[in-house]
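So that you can map any letter, position 29 of the sequence shown is 29 in full-length UniProt numbering, and since no number is skipped, the others follow by simple counting.
Beta carbons are placed, not taken as given, at the ideal position from N, Cα and C, and that holds for glycine.
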Amino acid sequence: MADGATPGGGSCDPARPDVVLETDRLWLRPWRVAEAVVQWELWTERDPRVPPHRRIDATGHPTVAELEDLIRANQTSSIGLLAVERRADREVLGYCGLVDSGRGAEDEPELAFEMLRRFWRQGYATEASLAVLDWARSSGYERVWATVWEWNTPSRRVLAKLGFTETGRKELDVVHGTTLFTTRRL
Numbered sequence: 001m002a003d004g005a006t007p008g009g010g011s012c013d014p015a016r017p018d019v020v021l022e023t024d025r026l027w028l029r030p031w032r033v034a035e036a037v038v039q040w041e042l043w044t045e046r047d048p049r050v051p052p053h054r055r056i057d058a059t060g061h062p063t064v065a066e067l068e069d070l071i072r073a074n075q076t077s078s079i080g081l082l083a084v085e086r087r088a089d090r091e092v093l094g095y096c097g098l099v100d101s102g103r104g105a106e107d108e109p110e111l112a113f114e115m116l117r118r119f120w121r122q123g124y125a126t127e128a129s130l131a132v133l134d135w136a137r138s139s140g141y142e143r144v145w146a147t148v149w150e151w152n153t154p155s156r157r158v159l160a161k162l163g164f165t166e167t168g169r170k171e172l173d174v175v176h177g178t179t180l181f182t183t184r185r186l
């Protein structure tokens, strides 16, 4: 997150002080340690073309305990990568948020999202991302960008629905695939 910004927008349920953003169907909020198992499941589901450092390795790392430690270490982060929780049953579906990966322009965060496969094609990634983009706009950001692997058709569709356009910038990787850079004015 640029300049240590903190959440300043979004609707919050007063009975749940940890909620950061709210939509009709979702809460986007900081991760809880007990939800490391959801992060672990995300890691196990990733496409084999995803670089190895973002998948569970042959020795089983990261473990659930290691992911719990990461959640503990990041509990004070601002919008970061928030847990996406379905309001109807409080199930965590994945994550969405803004990150500063160092690959984009200064003061232009990157949108990131990932949902468990069983929740694909239900509009959750789009809905969560729209809430994050609304927050970004209300926080004074003028532009957000996102990267996506050329082969990742579902995420490319979400970005297109959100109004992101390809910039023409690409990072070629013969092993993992080409990364496309997209952007959206707020």
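Per DSSP, cross-strand counterpart(s) of Thr-44 | Locating residue 44 in the sequence shown gives position 44, counting from the first residue. Note: Thr-44 sits in no beta bridge, so no partner.
CA-CA distance, Val-19 and Arg-32?
-> Mapped onto the sequence shown, residue 19 falls at position 19. Mapped onto the sequence shown, residue 32 falls at position 32. Here Val-19 scores only 49 on pLDDT, less than 50, and its place in the model should not be relied on; the value that follows carries that caveat. In a straight line, the C-alpha of Val-19 is about 11 Å away from that of Arg-32.
Go ahead and pull the three-state DSSP assignment for residue 188.
-> Coverage of the chain is limited to positions 1 through 186, which leaves residue 188 absent and any answer about it impossible.
Validate contact between the region 97-110 and the region 67-74 using beta carbons, cut 8 Å, 3 pairs | no
Answer yes if the region 54-65 comes into contact with the region 94-101, meaning at least three C-beta pairs across the two stretches below 8 Å, and no otherwise.
-> no
Along the beta strand (DSSP E) that carries Glu-110, what are the first and last residues, could you check?
-> Position 110 of the sequence shown, counting from 1, holds the residue named residue 110. It spans 110-115 - the beta strand (DSSP E) in which Glu-110 sits, taken as one unbroken run.
With which residues is Arg-185 paired in a DSSP beta bridge?
-> To locate residue 185, count along the sequence shown from 1; it is residue 185. Arg-185 is bridged to Arg-143.
Roughly how many angstroms lie between the CA atoms of Asp-89 and Trp-27, to the nearest whole one?
-> Mapped onto the sequence shown, residue 89 falls at position 89. Mapped onto the sequence shown, residue 27 falls at position 27. Their Cα atoms are separated by approximately 11 Å.
Inter-residue spacing [alpha-carbon to alpha-carbon] between Thr-178 and Thr-126 | Taking the sequence shown and counting its residues from 1, the one referred to as residue 178 is at position 178. Taking the sequence shown and counting its residues from 1, the one referred to as residue 126 is at position 126. Going from the Cα of Thr-178 to the Cα of Thr-126 covers about 23 Å.
Where Glu-85 falls, given that 16 or more other Cβ within 10 Å makes a residue buried = Within the sequence shown, numbered from 1, the residue matching residue 85 stands at position 85. Answer is buried; the Cβ neighbour count reaches 16.
Relative to the C-alpha of Val-38, which residue among Gly-80, His-53, Ala-112 and Glu-91 is closest?
-> For this step, residue 38 is matched to residue 38 along the sequence shown. Answer by Cα proximity: Glu-91.
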